[in-house]
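Here the structure is laid out as structure tokens; the discussion comes afterwards.
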């Protein structure tokens, strides 16, 4: 029996997470922000389950929506049966049904997909996803065709006075399940299976040599991950009260990949951050600009190119400095780099918005920034924004180099201190 | 005579509106359709036409101090995203929505509106559907809060088959449809109605192909050819429609195409002259229609329309806004419930003949046309093929006008009124 | 009988087009280990470039210029994108091309709009090539086959008979040795990536007007060519060839059969068949048809 000291930081982190879940709807009270947060909650579970494959198991999947989507279909039918009165089951526990359904499909498809690893796995998952999507449209009896299956979440007796009609009650339902799933998935990373998944990810040959069946490890990891995907599918079904073909579509699968990667694959909490940013992009930003898809794509490519650890890595990189108390030295370089980044961003946004206005038939080509209006059909604003962008990029290059130098120097100092 | 009475009634209502419009107010209608992504252009088209219609109504002063406004919401043609947008609509206190693209979205919105209205009495939302054609929404799933201004897919098939029944040269018909709910509905309706109206016509083939996934239609065309069909009925739209017709032309397939959506945005361009004289469409309007009282409206719209997209598509959109405005006048209120009660059963003297919003299921009954895409007059086609679609060299001409009663299929709706 | 013949020709010509697409993908994969997710987007770019050029100068110049342009873009992508993420491993490279596909799609929307563009078969290739008992076979299909076969021969000659081809083949298996012999391996990579993109572009030039040139065309063929690469065996050019023809013919003939199984006819299931084939193959022969690598 090994004695493990109480990990204080971990406890603080988890309690803070729980607090955020509880307090969020008290701060953001509008119906729309409530919807957004509910979606964030479901996506967090989904993205974390995805990261069980990509981050912990090294399996890049292009078809993860299959498990959440099929889970959601099973749940929507269960809800409808409950509505007819032929099945009695508490709504609170429906995510378990979704999870189990996800798990069953995980066993079924995982048997085939996990036979291979790496790029081949990615392609096979894509193929399986396409196949399931085509089947969903082919069997309208169960899947409801393109219109999908609708339901009503207010069924059965109220659960301690909760009917789950009002959006707030749904939010808390999602919040509770989200928190539980997070804890469960974190706990899984600490089990021997979680550790083995890491080993199989890093060096499959060696893991095989030690006597583990890599294919089996991948299989188990995928099955567990599809359980949680199913849970998130069930919650999205309860939230939207509809399940349609888009739930299993390649767009969904691609979306969760983007969310997870943007957040940060190497860290457990990365996908959480990614989900919040992603929902913000899709739901909120798309209300402001038609170019949201382009911004999302650009953002993703930039992350892949310059911060492969995702947003979480950018934050976590600062911890050693803070611990060493030397973060103050970086404050100025960071501020300068941030400023340069903002300038470049302004240039990009200006250009992109003008392009969109021009490409779209019928849109007004007159834009205004800070009270100055200009016409995208004339040349001056193009030069102006291009100049802003160029200036921003040059400044960014210089300032980031300075950040890099400072950071490297501090790092070297710390290493030297640790060694000496 | 009837028209005169209606006009008198409208005038009386307008006078009484003075009391309603004592304080100026704006009635906002949320337009929930794709405005980004692959279907954005279709959504933009509707938006541009609706804004034009609303401007005209506001300028005419028909509604006194009440102004109408269209507020766009982008749903990316996703049912779930549409529900997100509906929540925003509710947050902003907007009480009317209109939508048309995709029956899947329509189904999701319809259910959500019903649930919302049930859970929030006094804050009801009214849903004006201008293009989603799943028959269910005015049959088993009908709702007091939903009004449809487009003929549903069964009604269109009723008119189309009525026309086909009169064409004695049709002997062998081939059905090819997209493998999803709408395609299935078209296939089923075509089989039933042809069997009823022309039992002598043979159905020589019946294919379903996956939606938007086929890039090579040559094998399907070879099959149609081998079957000896002289006519093809298809509910295909978008790329599935244009690829099918192009593949037919390449293989020298000589059939008439009876379609729903060959006139859809972008499709005439993609089909090109392969379609000339071969492709027939069932629709409520086209720009070269005879006795066109909407001709001026059409021309005015084109003058101010976005450059790449000059065509005027939705006469039913104009009808919808006119009837909506009239309902506000009659109800002397902008409350959705009162407006809905005024809308149901309303008769309206539209540009191409009288239309009626049937009270039993909230389905608009209107005359429909079977039209053929021909080479335009400018390219050596028939003289009446004047105005081209999308400058594609193709222009529609009328084959037949089918009065509203031909398509007034019975409804199974049992409406629950509040 | 003539029905079978016409369907066979349809199947082969479609299969050859698929091969044009998958050959570029396979070449890049076998040499660089990078699965280019944006490959189908290059196909789309080829079609749009060809449309633009054919409107301005004509189809025949487009046949040459469009693939070259796409190839140049491919080289730029390799030089300034892929090479940067190379150090983060293959997953990062794959994800980079995944993001790139988003961006190319959006760029195409912006420049050419969201509807199909009228990219047409040139007049001299429009019309029937021959007739078999009433069924006619279009010239353009014949032309597509000709181009694909010519391309196949050209690749084969280039890889086996030219110096750069030999270097590429050597770099496939022994990059360090090749580097040690004084060849610039990164430049070889850049060339190969550009070449793969150009092949996709060429497929776009002749596929775009045979079918339709619209922003959805990349998504329509993308998954199928990945299936071909898996079925043929990752990185095997010969495998990709066989798999392309197999899948082309299989889809064509499935359409012609009116057998049905549990309410679903084979014709209806035609597009799912390639995926089913992939799944079955993985169960019984995980390497793929001609593959050599396991795992």
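Residue numbers (this note's numbering), protein chains in the order written: chain W, 3 to 422; chain U, 9 to 426; chain S, 130 to 424. Glycine included, each C-beta is placed from N, C-alpha and C at the ideal position.
- Three-state secondary structure (DSSP) at residue 13/W? Looking up residue 13/W in the first chain gives position 11. DSSP places residue 13/W in helix when its eight states are reduced to three.
- Residue span of the beta strand (DSSP E) that contains residue 409/U, given as start and end: For this step, residue 409/U is matched to residue 401 along the second chain. Its beta strand (DSSP E) spans residues 402-410.
- Touch check for the region 227-246 of chain W and the region 101-112 of chain W: three-plus C-beta pairs under 8 angstroms? The region 227-246 of chain W is in contact with the region 101-112 of chain W.
- Query: What does residue 117/W touch in chain S if you count any residue whose Cβ is under 8 angstroms from its own?
  - Reply: Your numbering for residue 117/W matches position 115 in the first chain. Identification of chain S residues near residue 117/W by a Cβ-Cβ cut-off of 8 angstroms yields 411, 412, 415, ordered along the chain.
- Would you call the region 243-251 of chain U and the region 145-156 of chain U touching, i.e. three or more CB-CB distances under 8 angstroms? No, the region 243-251 of chain U does not touch the region 145-156 of chain U.
- Query: DSSP state of residue 245/W, grouped into three classes?
  - Reply: Reading the first chain from its first residue, position 243 is the one you call residue 245/W. In this structure, residue 245/W counts as strand in the three-state DSSP scheme.
- Since residue 139/U and residue 161/U are thought to touch, with beta carbons under 8 angstroms apart, how far apart are those beta carbons, to the nearest angstrom? Your numbering for residue 139/U matches position 131 in the second chain. Your numbering for residue 161/U matches position 153 in the second chain. That pair is no contact at about 11 angstroms.
- Does residue 219/S come within less than 8 angstroms of chain W when only Cβ atoms are used? By one-based count along the third chain, residue 219/S stands at place 90. Taking Cβ atoms only, chain W reaches closer than 8 angstroms to residue 219/S, which makes this a yes.
- Any contact of the region 76-95 of chain U with the region 34-47 of chain U, i.e. 3+ C-beta pairs under 8 angstroms? yes
- Message: I need the boundaries of the beta strand (DSSP E) containing residue 382/U, first residue and last residue.
- Response: Against the second chain, residue 382/U aligns to sequence position 374. Per DSSP, residue 382/U is one residue of the beta strand (DSSP E) stretching across 376-383.
- Within the 8 angstroms Cβ cut-off, does residue 136/W reach chain S? Start at 1 with the first residue of the first chain, and residue 136/W comes out as number 134. Interface residue, yes.
- Separation of residue 176/S from residue 288/S, as counted between CA atoms: Position 159 of the third chain holds residue 288/S. Position 47 of the third chain holds residue 176/S. Distance between the alpha carbons of residue 288/S and residue 176/S: 26 angstroms.
- Message: Between residue 376/U and chain S, is any beta-carbon pair separated by less than 8 angstroms?
- Response: Locating residue 376/U in the second chain gives position 368, counting from the first residue. It does not; no Cβ of chain S falls within 8 angstroms.
- Item | Same chain, Cβ closer than 6 angstroms to residue 322/U, neighbours up to 5 away in sequence not counted | Here residue 322/U corresponds to residue number 314 of the second chain, with the count starting at 1. Residues 57 of the same chain have their beta carbon placed closer than 6 angstroms to that of residue 322/U, with the five preceding and five following residues left out of the count.
- Task: Please determine, among 138/S, 151/S, 386/S, 405/S, the residue with the shortest C-alpha to C-alpha distance to residue 396/S.
- Result: Counted from its first residue, the third chain places residue 396/S at position 267. Considering only alpha carbons, the answer is 386/S.
- Query: What span of residues does the alpha helix (DSSP H) with residue 285/S cover, start to end?
  - Reply: Locating residue 285/S in the third chain gives position 156, counting from the first residue. Unbroken alpha helix (DSSP H) run through residue 285/S: 268-290.
- Item | Cross-chain neighbours of residue 136/S in chain U, by beta carbon under 7 angstroms | Here residue 136/S refers to the residue found at position 7 of the third chain. Result: 227, 230.
- Pull out every residue of the region 123-149 of chain W whose Cβ sits closer than 7 angstroms to any Cβ of chain U, in chain order. 136, 139, 140, 142, 147, 148, 149
- Message: Quick check on this structure: which residue in 63/U, 179/U, 205/U has the alpha carbon closest to the alpha carbon of residue 173/U?
- Response: By 1-based counting over the second chain, the position of residue 173/U is 165. Checking every option, the nearest Cα to that of residue 173/U belongs to 205/U.
- Task: Keeping to the same chain, check which residues put their C-beta closer than 6 angstroms to that of residue 414/U; ignore five residues upstream and five downstream.
- Result: As a first step, residue 414/U must be located in the second chain, where it is residue number 406. Taken in chain order, the residues that qualify are 167, 170.
- Task: Mind listing, in chain order, the continuous beta strand (DSSP E) runs of no fewer than 3 residues lying wholly within the region 115-151 of chain W?
- Result: none
- Task: Can you grab the Cα-Cα spacing for the pair residue 23/U / residue 51/U, in whole Å?
- Result: As a first step, residue 23/U must be located in the second chain, where it is residue number 15. As a first step, residue 51/U must be located in the second chain, where it is residue number 43. Because the pLDDT of residue 23/U is 45, which lies under 50, any placement of that residue in the model is unreliable, and the number read from its coordinates should be weighed accordingly. In a straight line, the C-alpha of residue 23/U is about 36 angstroms away from that of residue 51/U.
- Item | Listed by chain order, chain W residues near residue 64/U by CB distance under 8 angstroms | As a first step, residue 64/U is located in the second chain; it is residue number 56 there, counting from the start. Going along chain W, no residue has its Cβ under 8 angstroms from residue 64/U, so there is no contact; the nearest lies around 17 angstroms.
- Task: Give the secondary structure of residue 80/U by DSSP, where H, G and I count as helix, E and B as strand, and everything else as coil.
- Result: Position 72 of the second chain, counted from the start, is the residue given in the question as residue 80/U. Residue 80/U falls in the strand class under three-state DSSP.
- Item | Exposure of residue 44/W, with buried meaning 16 or more beta-carbon neighbours within 10 Å | Within the first chain, the letter at position 42 stands for residue 44/W. Under this definition residue 44/W is a buried residue.
- Unbroken alpha helix (DSSP H) run spanning residue 406/S, endpoints: Taking the third chain and counting its residues from 1, one reaches residue 406/S at position 277. For residue 406/S, the uninterrupted alpha helix (DSSP H) run begins and ends at 402-413, by DSSP.
- Message: Quick check on this structure: which residue in 103/U, 118/U, 350/U, 119/U has the alpha carbon closest to the alpha carbon of residue 132/U?
- Response: Start at 1 with the first residue of the second chain, and residue 132/U comes out as number 124. When each option's Cα is compared against that of residue 132/U, the closest is 103/U.
- Counting only beta-carbon atoms, is residue 81/S nearer than 8 angstroms to chain W? Nothing can be reported for residue 81/S, as the shown portion of chain S is limited to 130 through 424.
- Query: Taking 8 angstroms as the CB-CB cut-off, is residue 299/W touching chain S?
  - Reply: Sequence index remark: in the first chain, residue 299/W carries index 297 (1-based). It does: the Cβ of residue 299/W has a partner Cβ on chain S nearer than 8 angstroms.
- Message: DSSP three-state label for residue 369/W, please.
- Response: As a first step, residue 369/W must be located in the first chain, where it is residue number 367. Strand.
- Is it right to say residue 29/U is buried, meaning 16 or more other beta carbons lie within 10 angstroms of its own, or is it exposed? Taking the first residue of the second chain as 1, we reach residue 29/U at position 21. For residue 29/U, the pLDDT reaches just 46, beneath the cut-off of 50, and the residue's location in the model is therefore unreliable, although a value from the coordinates is still provided. Buried.
- How is the beta strand (DSSP E) around residue 264/U delimited, first residue to last? Against the second chain, residue 264/U aligns to sequence position 256. Residues 264-267.
- Assuming residue 2/W contacts residue 112/U under a Cβ cut-off of 8 angstroms, what Cβ separation, rounded to an integer in Å, is found between them? Lying before the first or after the last residue shown, residue 2/W is absent from chain W, which here runs from 3 to 422.
- Return the CA-CA distance between residue 108/W and residue 124/W, expressed in angstroms with no decimal places. Numbered from its first residue, the first chain carries residue 108/W at position 106. Numbered from its first residue, the first chain carries residue 124/W at position 122. Going by the C-alpha atoms only, they are around 15 angstroms apart.
- Query: Cβ of residue 285/W less than 8 angstroms from any chain U Cβ?
  - Reply: Mapped onto the first chain, residue 285/W falls at position 283. At a cut-off of 8 angstroms between beta carbons, residue 285/W contacts chain U.
- Item | Contact set for residue 68/W: own chain, Cβ-Cβ below 6 angstroms, skip 5 residues either direction | Here residue 68/W is taken as the residue at index 66 of the first chain, counted from 1. If we look at residue 68/W and ignore the five residues flanking it on each side, its Cβ neighbours are 131, 134, 250.
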